[in-house]
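Protein chains: 4
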Amino acid sequence: MLGVDGAQLARGAVDAIAARAGAADRDGELPAADLDELRGAGLLGLLVPTRLGGFGGGFADWADAARVLASASGATALVLNMHTSVVGALARTPDELARAMGAPESFFLARDQLLARAAAGEFIAVAMSERGAGARLSALATRYRRESDGYRIRGVKAFCSGASHADVFFVAARAAESDPTDPTDPTTPLDPSTSAGPSGPAMVSHFLVPSGPGVSVEPSWDSLGMRGTGSHDVRLDVWVPAQALVGGVAGLSLLVAQGMPQWLVASYAAVYAGVGRAVFDAGVDHVRGRRGTGMPSGLTGLPAVRARFGQADAALAALDAVVDECARRVDADPGSDLTNRWVWRAKLLAGRTVQDVAASIVEACGTAATRRGHPLERLYRDARCGSLQPATSDVCADWLGLAALGGDPEADANVARW
Amino acid sequence: MLGVDGAQLARGAVDAIAARAGAADRDGELPAADLDELRGAGLLGLLVPTRLGGFGGGFADWADAARVLASASGATALVLNMHTSVVGALARTPDELARAMGAPESFFLARDQLLARAAAGEFIAVAMSERGAGARLSALATRYRRESDGYRIRGVKAFCSGASHADVFFVAARAAESDPTDPTDPTTPLDPSTSAGPSGPAMVSHFLVPSGPGVSVEPSWDSLGMRGTGSHDVRLDVWVPAQALVGGVAGLSLLVAQGMPQWLVASYAAVYAGVGRAVFDAGVDHVRGRRGTGMPSGLTGLPAVRARFGQADAALAALDAVVDECARRVDADPGSDLTNRWVWRAKLLAGRTVQDVAASIVEACGTAATRRGHPLERLYRDARCGSLQPATSDVCADWLGLAALGGDPEADANVARW
Amino acid sequence: MLGVDGAQLARGAVDAIAARAGAADRDGELPAADLDELRGAGLLGLLVPTRLGGFGGGFADWADAARVLASASGATALVLNMHTSVVGALARTPDELARAMGAPESFFLARDQLLARAAAGEFIAVAMSERGAGARLSALATRYRRESDGYRIRGVKAFCSGASHADVFFVAARAAESDPTDPTDPTTPLDPSTSAGPSGPAMVSHFLVPSGPGVSVEPSWDSLGMRGTGSHDVRLDVWVPAQALVGGVAGLSLLVAQGMPQWLVASYAAVYAGVGRAVFDAGVDHVRGRRGTGMPSGLTGLPAVRARFGQADAALAALDAVVDECARRVDADPGSDLTNRWVWRAKLLAGRTVQDVAASIVEACGTAATRRGHPLERLYRDARCGSLQPATSDVCADWLGLAALGGDPEADANVARW
Amino acid sequence: MLGVDGAQLARGAVDAIAARAGAADRDGELPAADLDELRGAGLLGLLVPTRLGGFGGGFADWADAARVLASASGATALVLNMHTSVVGALARTPDELARAMGAPESFFLARDQLLARAAAGEFIAVAMSERGAGARLSALATRYRRESDGYRIRGVKAFCSGASHADVFFVAARAAESDPTDPTDPTTPLDPSTSAGPSGPAMVSHFLVPSGPGVSVEPSWDSLGMRGTGSHDVRLDVWVPAQALVGGVAGLSLLVAQGMPQWLVASYAAVYAGVGRAVFDAGVDHVRGRRGTGMPSGLTGLPAVRARFGQADAALAALDAVVDECARRVDADPGSDLTNRWVWRAKLLAGRTVQDVAASIVEACGTAATRRGHPLERLYRDARCGSLQPATSDVCADWLGLAALGGDPEADANVARW
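Chains as they are written, first to last, in my numbering: chain C, 6 to 423; chain Z, 6 to 423; chain H, 6 to 423; chain V, 6 to 423.
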């Protein structure tokens, strides 16, 4: 805990959010009131430095807050996780590291403006993924091109959580193909030394695009689980001024992402650890509520039920311990090899643990828990999504195996990750 | 295969049923057209002897048909499974066994009438379960009482698959409490020798109640999976004539159920084996359809994906082999100790295998497979239900363990099963 | 069952073999008396055609016999499995298929001589593997070279089961490197069209090398499990006459192996299914023997113990059903794509199931079962070996996944298998 | 870390211990030199207060030391674990708690003498278990009876780790049956208020019995794994003076054991976490040593191998995090409900994780790793023992399930634990 108790901030918001979780799931949309709740609790600025109006929290603060929120609504926690990952990556990359990556001085001002606005309640939605591209940046079809002292961005993004309520979108795009007949073609990388050419991942840049004309949300989200994220498509054909380029240097933000995999890898783990806790608590409530309705000692009297809860208890405790350890290391030694291993471990364990626990607890509770409206019906579907979100469990295991065996996970893995 | 190719009969119906599976899942209701399809294919009479107008099939024929149907729609296969379990238990209990259990001669005429009507297309919906009672007959709240040369039945049944389209309901009810102040109280068991008193399971009897006045379907079904069964509540306050008592003897049909656990235990296994096959096929379609869209050799090129399909292939093959072996034994030696072990094995393996396979194949296919409308999104939810349906996996494992260790599973188990 | 009841033959031998299993495990050597037992029961000729003095059995007969033998001693069953795989591959490859693969007429006479000698009690030990080469023939260091109307074979073989008691060794060797300065160099392939050159697998040939001078068994076997196979190293520096080349054509026997993966793939499954049965039976004996020694109803009274036995019962039943189905198909339609899938499935499931069952049953029985001398102590170690023997579980899963997804498992797999 | 770095102390001893681990396993005996090593490093007094000559360490110090030692030899770590559990339970029970349990003032002097002798290098072997009694104190057959101002103890103990080298034995015994004809019968409990009668667990007392006449070690240990503990039988027919009664009050030490389950429950977890680390490291060494011997990129190039190491890495990291969290809580808040939950979680996870990891890593490394002399051959057997040692995994899961569902694990569990 750096300067704030993330769990405490979150706790103030959870009752209202929990009350809306069922409806959000039914409708497949983030409740606007949930966002208001997060905003009101100051959670949009949890990781923004206090000098910019935020709480100055660190990764561990977010890991605590995320678990508390996710125990009320995994979907709403996931939406905030996207926002927080952008804020965190920017707020907690040391200045010297950013400079070493090539950030010009203008980067810092732009960054501070963004962070101050987040602390003031501006919600950033992340528009990185595209249908069919998986998590691979090299397959992005959204292109940017210099135009009139700014950039034209065209493409369709998918899985943009909270899109309907976004104040600004954090958009990944690839540089358009160079036109070799045009000597003034602006797609030349600003800093060729950090670029592998227009097809390389280094030419993927990120832009902050305000909602408004040229940006339309297409309500396409209709998923098995985590339905309340409202992760719709976003269609872009929009011009943005030069300062919308995050960091002011093409390709810069990617370097940040690679160096800080805690954002959008380990932070998912915290969210799903919260979902796991919700599963367990809903199961306990269900079983204890069944006491005395016919069976002498209720479901608690069944050894197989007790064994399922006992195994789940230990598995979730282990997950919490891993998330805690990971968070401590991220705050103490961000980006180191050992820290990054804990990041991948946390993601791998979260995905698998929560799914297994949900399956087992539903089995302990029986058919009644599969009725729509029962929290376990929703949570079982939510729990399935963790290991599918990037990096998937199979990718995490491969990364960790390579690291353990002396390979370079970033270079040697079967699948590109960025 | 006794006298008919069940799989072949089913194959004629599956295309149309498959086309409606998504809508049935969305609406949570059995499509009336599906029932017409089953009726038209003669599947309502698959197990009815040919002398009564049926196909004279055996358990293996149903196991084959169930798997084919379930590969198109697990929900529709489940609905037919309920009907077929009643038909099968009646059609395939040898006359001498029924006599030994106490069936009077009038039983055989009544049974043949029921079977002939099934072969003619009458659909029997099973109304045994009640909310909160689990599978335990001793906890049933629905009561019957003699009234005017017949019986008055009052209660509310739950989980009645296909209720909206039932021609007749197969209703389990307990004898009403005796009134010790009334010497003419009609709740005295007809045959005290087969009864353990009004609270004993032997006093549970089954009735055939035609749809119509006094029987109302309350559309309450809204479940995680197998939504297309339309397994609604049924409210009964109805008088039926004496011949509506199945077997003509209170408590008789229960004995049949105990002696023939293949009906509603192993037959579930066949349905879920078909669901597993559907999962696998949908996964293969998904992965092969992804070839060439960016990745050099598509998802097939990923070793982790191949391993998931390879493991699933072996697991489903094992399940099929077990269902086949079980079915062969049920037809050759019904009700023997060894046959019954195969019945419990098949149920246990089906529940667990199909759920595990669905989880793994979804993980192989990724987020795209979790979008509503994708067959895997529905199948993942359907697959969760197998081990929850009676007998649950935990109950099966306990039963088998007791049998292996020399106990009497019916007497010594932790949970009563009937 | 083709013409003999393999299980019945085996049953006559198991009591004596079981009595020696502990000592064989302790000593790490195949008891000579076990081989006498197998010989006396005619099991060396189980698959030899009756016209050559054998029992004319098929794969299913061996699968039955192997399970019975392995329930007494997995190690002894494995030794016979090696012998039987050579016999089976030769006896049950149709003549027309052998001709199509390039077998000259002389092949058939040589084959019949070998089979007749096996039926007469000659024990063939398989000397294919080498330390460090895994199962990959392309990595073999043992070389053969033409010399004086015959062949000189030099090399060291590992894992040769029953080596101490072999009458003849079935040896795999690669053609020595060609000497480009010698125009009469005899390493030129006999049939270049079936060869990929001296480094290709097609240049791996098999030889029948009698025990005697030039062949020395080096007692090196000292393994975790299956210790009683006495799978020692065999050092070869020996000249054999031309007719020792199996099939009379370089590279021929490999084609047989590829076409008939049941030998040494599915046949392992049958052996390990028998080991699994031994585990289960030893566990039941242990638990039932503990009744009444303090606990009210002994270990049987513990629900967790019952659940372990119940799960194991179902898993082993499934494995048996898969081995049976595989064996039926191997006999009915050998070498077809679908049959071969069952072969890989059987191997995959056997390796995993038996290991899991052993771990769980030992846990059910507790510390007392881990004392040396208790059958479960040995069986736990034996059970670990199944999935490690070729094809390993990971290889099987990859093969099956590729087959399911439309690839060619022989061509596309990550690891060469022959 | 209270006042010492347990890991650091242990590190000084591990190289020599590791070098003897193979021989210890082969011989089934604790090397005397290992004990000298532990003594020389001061590890026998790790938990003894500094005022008595020890290092004043806490549970976390032991958890660190145990993991380091177990990575060299799980067996030797287990031996020290038994000694340390006695020392720890005595050293770290607060005086006021001991008084509340009924300890007279003489207890503290006796305790301090014992601790000082441990710090001076006296090795305490634990002789609690008996063959057939499992972990249940109520089934103990060893009896004590007052005799000549002291006690006569008669019985045979089993599983006494390090027995051959014990300086003193920590012996559990039950009060002999009272003789109702003898009014001076000395078996009357000293303090009836803490006793449930001679058959109750409260009448189990512990004694410190020096090695020497009347105490004979019977070399009976011959186990699957952890062979180097030399956990032999100890036959007792010995008189000890009154002060040999631990705590000076019959039944007292049991209360300590119940209140402080970390000793001999969580401390096992630390040992097995070290074994898991040894498995992983041996696997990495094996795989990296295989690079370049034939396969292009060695076993590391196989995705299935990488996945196995990746999964193992995450599982072992989780186990370490749980052991760390448990240890922190034990030191900060010993005996609380929440702390005790972490104790059971750590034991449950250690037993299962290490066994699963060992099975998977052996599978990744292949047959070569199963040869005796390869560290994985030994470690695979050692890893099997964790979940069998008390409290077994099934007992832990039941305990945790009851605690989660609101039951009282000590009162309601299926199996008595003390």
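The beta-carbon is built from N, C-alpha and C at its ideal position, and this holds for glycine as well. Remember, predicted model here, so these are calculated numbers, not experimental data.
Report task. Name, please, each residue of chain H whose Cβ falls closer than 7 Å to the Cβ of Ala369(C). Result -> The contacting residues do not exist; Ala369(C) stays about 13 Å from chain H at best.
Query raised in the report: Around the C-beta of Gly233(H), are 16 or more other C-beta atoms found within 10 angstroms, so that it is buried, or is it exposed?
Result: Counting the other Cβ atoms within 10 Å of the Cβ of Gly233(H) gives 16 or more, which makes it buried.
Report task. Answer with yes or no whether the minimum CB distance from Ala309(Z) to chain V is below 9 Å. Result -> yes
Report task. Give a yes or no on contact between the stretch 348–366 of chain V and the stretch 333–352 of chain C, applying the rule of three or more CB pairs nearer than 8 Å. Result -> Contact between the stretch 348–366 of chain V and the stretch 333–352 of chain C is not established, with fewer than three Cβ pairs separated by less than 8 Å.
Report task. Could you give the DSSP three-state label for Phe174(C): helix, strand or coil? Result -> strand
Query raised in the report: When the Cα of Thr397(H) is compared with those of Ile129(V), Asp227(V) and Ser365(V), which residue comes out closest?
Result: With distances taken between Cα atoms, Thr397(H) lies closest to Ser365(V).
**Report entry** Expected contact under 8 Å - CB spacing of Ala2(H) and Trp404(H) to nearest Å
**Finding:** Because residue 2(H) is not part of the residues shown, which for chain H are 6 to 423, the question remains open.
Report task. Determine the extent of the beta strand (DSSP E) in which Asp387(V) is found, giving its start and end residues. Result -> For Asp387(V), no beta strand (DSSP E) segment is defined; the enclosing uninterrupted segment is the alpha helix (DSSP H) at Pro380 to Ala388.
Query raised in the report: Applying a beta-carbon distance threshold of less than 7 Å, which residues of chain H neighbour Ala312(C)?
Result: Ala309
**Report entry** For Ala287(Z) and Leu410(Z), believed in contact at Cβ under 8 Å, the rounded distance
**Finding:** Actually they are not in contact, since the Cβ atoms of Leu410(Z) and Ala287(Z) sit about 40 Å apart, beyond 8 Å.
Query raised in the report: So, do the stretch 160–173 of chain Z and the stretch 82–89 of chain Z have three or more beta carbon pairs nearer to each other than 8 Å?
Result: yes
Query raised in the report: Alpha carbon to alpha carbon, what distance is there between Gln394(C) and Met133(C)?
Result: 13 Å
Query raised in the report: Alpha carbon to alpha carbon, what distance is there between Ala26(V) and Gly391(V)?
Result: 18 Å
Query raised in the report: In chain Z, which residues lie with their C-beta within 7 Å of the C-beta of Arg350(C)?
Result: Ordered by position in chain Z, no residue passes the 7 Å Cβ test against Arg350(C), which lies about 17 Å from the chain.
Query raised in the report: Can a CB atom of chain Z be found closer than 9 Å to the CB of Cys401(H)?
Result: yes
Query raised in the report: Less than 9 Å separating the beta-carbons of Phe212(H) and Tyr156(H)?
Result: yes
Query raised in the report: In angstroms, rounded to a whole number, what distance separates the CA positions of Val161(C) and Asp338(V)?
Result: For Val161(C) and Asp338(V), the distance between alpha carbons rounds to 55 Å.
Report task. Please confirm whether Ala355(H) and Ala278(H) have their CB atoms less than 9 Å apart. Result -> Taking 9 Å as the Cβ cut-off, Ala355(H) and Ala278(H) qualify as a contacting pair.
Query raised in the report: To the nearest angstrom, how far is it from the Cα of Asp329(Z) to the Cα of Ala144(V)?
Result: 48 Å
**Report entry** Reference Ser236(V); option with closest CA among Asp361(H), Asp318(H), Thr305(H) and Thr375(H)
**Finding:** Thr375(H)
**Report entry** Under 9 Å between C-beta atoms of Val209(V) and Gly256(V)
**Finding:** yes
Query - Helix, strand or coil at Pro215(V) [DSSP, three-state] - result: Looking at Pro215(V) - three-state DSSP - the assignment turns out to be strand.
Query raised in the report: What residues are listed by DSSP as bridge partners for Ile158(Z)?
Result: Tyr149(Z) and Val243(Z)
Query raised in the report: With DSSP run on the structure shown, which of helix, strand or coil describes Ser228(V)?
Result: strand
Report task. Please determine, among Phe164(V), Ile158(V), Cys165(V) and Ser166(V), the residue with the shortest C-alpha to C-alpha distance to Arg179(V). Result -> Taking only the C-alpha atoms, the option nearest Arg179(V) is Ile158(V).
Query raised in the report: If we cut at 9 Å on Cβ distances, does Arg148(Z) have a partner in chain C?
Result: For Arg148(Z), the answer is no, since every Cβ of chain C falls outside 9 Å of its Cβ.
Query raised in the report: Which residues of chain H have a Cβ atom closer than 7 Å to the Cβ of Gln360(V), listed in chain order?
Result: Here the neighbours are Ala364.
Query raised in the report: By DSSP, does Pro301(H) sit in helix, in strand, or in coil?
Result: Low per-residue confidence applies at Pro301(H): pLDDT is 44, beneath 50, and the placement is therefore not dependable, though the value from the model is reported in the following sentence. Under the three-state reduction of DSSP, Pro301(H) is assigned to coil, being neither helix nor strand.
Report task. Could you name the residues of the same chain whose beta carbon sits closer than 6 Å to that of Gly230(Z), not counting the 5 residues immediately before and after it, in chain order? Result -> Arg386, Asp387, Arg389 and Cys390
Requested in this report: Could you please give me the residues that DSSP links to Ala70(H) through a beta bridge?
Outcome: The partner list for Ala70(H) (beta bridge, DSSP) is empty, contrary to what the question assumes.
Query raised in the report: Do the stretch 13–20 of chain V and the stretch 52–59 of chain V touch if we need at least three Cβ pairs shorter than 8 Å?
Result: no
Report task. Return helix, strand or coil for Ser97(Z), following the three-state DSSP convention. Result -> Contrary to the premise, residue 97(Z) reads as Arg rather than Ser in this sequence. Coil.
Requested in this report: For the stretch 37–60 of chain Z, enumerate the residues whose C-beta is nearer than 7 Å to any C-beta of chain C, in chain order.
Outcome: Listed in sequence order: no entries.
Query raised in the report: Gly61(C): which of Gly378(C), Val310(C), Asp41(C) and Asp336(C) sits nearest, CA to CA?
Result: Asp336(C)
Requested in this report: Please compile the residues from chain Z whose C-beta is within a distance smaller than 8 Å of the C-beta of Gly230(C).
Outcome: Residues of chain Z passing the Cβ test: Thr375.
Query raised in the report: Where do the ends of the beta strand (DSSP E) carrying Val454(Z) lie?
Result: Outside the displayed span of chain Z (6 to 423) sits residue 454(Z), for which this structure offers no information.
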